[in-house]
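Below: one structure, written as structure tokens.
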């Protein structure tokens, strides 16, 4: 969406939340982002004061969750499911939703697989492997 421009992405999330909170009309992507934000009330204060979040780091080794990364992974999964790419993701998503009882929890489970796949690709300097990602999701769907 914004490449590697972290500030632009964070500002965009804040602007979307401002628009949604004010009841202004939203574009389709903004609707998706606003829905994710609504599902995470713990992140709403960060977005309401976006200027203070622009330079903030969220080191996982300090037990912190990066709200922008977390919401971005929800959006990535929803876009994957909506587009049916990678092939087979919709079926796995539906299976996980049934097991979880609702989509939000299923997406959190899926994030583990997505995060691991993205991390490995980044470490190896290559594109993420869709087949490895799907296999992780299949194992997850079989184990929960």
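Numbering (my numbering), first residue to last: 4 to 147.
By construction, the Cβ of each residue, glycine as well, lies at the ideal position given by its N, Cα and C atoms.
Linking residue 144 to residue 67 through their CA atoms gives a straight-line distance of about 27 Å. In the three-state DSSP reduction, residue 90 falls in the coil class, being neither helix nor strand.
Around the beta carbon of residue 77, a 10 Å sphere encloses 16 or more other beta carbons of the protein chains shown; the residue is thus reported as buried. Under the DSSP assignment, residue 17 falls in the alpha helix (DSSP H) whose first and last residues are 9-24.
In the DSSP assignment, residue 49 falls within the alpha helix (DSSP H) that extends over 47-51. By the criterion of a C-beta distance shorter than 6 Å, residue 28 is surrounded by no residue of its chain, once the five residues flanking it on both sides are discounted. Here residue 89 is near residue 133, since their CB atoms are less than 8 Å apart.
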